Amino acid sequence: MELQEFKTKVLPLKDRLFRIALGMLKSTEEAEDTLQDVMVKLWDKRERLAGYNSIDALAVTIVKNQCLDKLKSKKHKNQMDVQDMEIDSGFISPQKRLELSESMQMMMGAFDGLPEQQRLLIMLRDVEGYDYEEISVQTGLAVNNIRVGLSRARKAARTAYLKVTSYEGI
Numbered sequence: 003m004e005l006q007e008f009k010t011k012v013l014p015l016k017d018r019l020f021r022i023a024l025g026m027l028k029s030t031e032e033a034e035d036t037l038q039d040v041m042v043k044l045w046d047k048r049e050r051l052a053g054y055n056s057i058d059a060l061a062v063t064i065v066k067n068q069c070l071d072k073l074k075s076k077k078h079k080n081q082m083d084v085q086d087m088e089i090d091s092g093f094i095s096p097q098k099r100l101e102l103s104e105s106m107q108m109m110m111g112a113f114d115g116l117p118e119q120q121r122l123l124i125m126l127r128d129v130e131g132y133d134y135e136e137i138s139v140q141t142g143l144a145v146n147n148i149r150v151g152l153s154r155a156r157k158a159a160r161t162a163y164l165k166v167t168s169y170e171g172i
């Protein structure tokens, strides 16, 4: 694969790969580092990329594995970057803005409490918009397992969110 072909087939994936890494690592800097590492790996494999059915699936798998390695190697802190969650609108009152921000933090906390695989499934299906077959190729899970995992993840996130918003945890 030559440079021009790499630019047209691999580089357009970088935004999607970054969002996946950011969703798993919760840190913009770590997601950028991971994306850079993945792009270098893909560049090093450029001669063998033609042998893969889906470069997209390969790239997502590499990102997923890199993120899991980072999460395992460090005791990754599940902290959210508050600056990324700011809601920018001139028509929202400060009180409403605070309520939305707190609600978003509670929802993100509910998702952060999910196991890694469930978070990945939600990220791929609900954020990235992959269909079940594409997720199956990228994760190696059967389509029925993906459906069950998504259902359980959504139910667990909803339960955790409702528990916090109804003050059951106090």
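Quick note: to get this note's numbering, add 2 to the position in the sequence shown (first position is 1). All residues carry an ideal CB built from backbone N, CA and C; glycine is no exception. All of these numbers come straight from a predicted model, not from anything done at the bench.
C-alpha distance - residue i paired with residue j, whole-angstrom precision
i           : j           : result
residue 50  : residue 104 : 47 Å
residue 145 : residue 97  : 43 Å
residue 29  : residue 36  : 10 Å
residue 74  : residue 127 : 24 Å
residue 11  : residue 166 : 44 Å
residue 119 : residue 13  : 26 Å
residue 20  : residue 168 : 34 Å
residue 79  : residue 107 : With a pLDDT of 47 at residue 79, under the threshold of 50, the predicted position of this residue should be treated as unreliable, though the coordinate-derived value follows. The alpha-carbon atoms of residue 79 and residue 107 are separated by roughly 15 Å.
residue 72  : residue 99  : 34 Å
residue 58  : residue 133 : 13 Å
residue 115 : residue 150 : 18 Å
residue 15  : residue 102 : 31 Å
residue 142 : residue 122 : 13 Å
residue 117 : residue 136 : 21 Å
residue 1   : residue 95  : The chain is shown from 3 up to 172; residue 1 falls before or after that span and cannot be answered.
residue 153 : residue 31  : 31 Å
residue 5   : residue 52  : 14 Å
residue 110 : residue 161 : 13 Å
residue 56  : residue 25  : 22 Å
DSSP three-state assignment for residue i, whether helix, strand or coil
i           : result
residue 55  : coil
residue 100 : helix
residue 163 : helix
residue 139 : helix
residue 117 : coil
residue 17  : helix
residue 7   : helix
residue 34  : helix
Cβ shell of residue i (< 7 Å), same chain only, five flanking positions each side left out
i           : result
residue 18  : 130
residue 43  : 64
residue 138 : 144, 145, 148
residue 23  : 33, 36, 37, 65, 69
residue 46  : none
residue 159 : 112, 113, 116
residue 67  : none
residue 39  : 68
Cutoff 8 Å; reference residue i; Cβ partners in own chain excluding five residues on either side
i          : result
residue 54 : 60
Proximal residues to residue i (C-beta, below 6 Å), its chain only, five neighbours per side dropped
i           : result
residue 124 : 155
residue 62  : 140
residue 27  : 33, 69
residue 41  : none
Contact test: residue i Cβ vs the ligand GTP heavy atom, cutoff 7 Å
i           : result
residue 166 : The ligand content of the structure shown is nil, which means the ligand GTP is not present either.
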